[in-house]
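Numbering (the numbering used here), first residue to last: 24 to 175.
The C-beta atom is built at its ideal place from N, Cα and C for all residues, glycine as well.
Given the structure is predicted, the values throughout are model-derived calculations rather than measurements.
Structure, as structure tokens:
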């Protein structure tokens, strides 16, 4: 399971690199990138014995590339764009990216308390609750060590 998540993470990194290469979106160049991306992912999936994958690349608000490959590991159904995948630790990177976007848009600051934006966020220790910042959560320095600590 961890290997599969790691392999999917590698595909995500590749997709991000390819997105950065899209500086001048000319039709020919886009088609060439799509073909290259498709071939690379298909080869990677075969080499790594990944049963199936689904990739979507969105550039600004436009869907640049979307494709599915293979079958689901459990039921052996064909992978579709609606097939759910466990993303594991990748959600940490996606959360950090969303936070950075909110900071760029000046909607939040790293120094803001979590409760300022999520008033329902409460720990058993109310003093600790008010001191925890967004930066603490992103850097895993909030002092919350397990899910049990979150329960009031």
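From which residue to which residue does the alpha helix (DSSP H) around residue i run?
i           : result
residue 82  : Unbroken run through residue 82 is the beta strand (DSSP E), 75 to 82; no alpha helix (DSSP H).
residue 118 : 113 to 127
residue 149 : 149 to 154
residue 102 : Note, residue 102: premise wrong, no alpha helix (DSSP H); not H, not E.
residue 138 : 137 to 140
Measuring CA to CA, which of the options is closest to residue i?
i           : options           : result
residue 79  : 142, 103, 99      : 103
residue 105 : 92, 117, 113, 112 : 92
residue 142 : 125, 164, 153     : 153
residue 108 : 166, 73, 167      : 73
residue 94  : 115, 68, 86, 81   : 68
residue 77  : 83, 64, 70, 71    : 64
residue 101 : 75, 120, 62       : 75
Quick check on residue i: does DSSP put it in helix, strand or coil?
i           : result
residue 163 : coil
residue 131 : coil
residue 110 : coil
residue 90  : strand
residue 46  : Reliability fails at residue 46, whose pLDDT of 49 lies under 50, so the model's placement of it is uncertain and the value that follows must be treated cautiously. Note: residue 46 maps to coil in three-state DSSP.
residue 172 : Bear in mind that the predicted position of residue 172 carries a pLDDT of just 47, short of 50, making it unreliable; the figure below should be weighed with that in mind. Helix.
Contact the segment 153 to 168 vs the segment 126 to 133: 3+ CB pairs below 8 Å
yes
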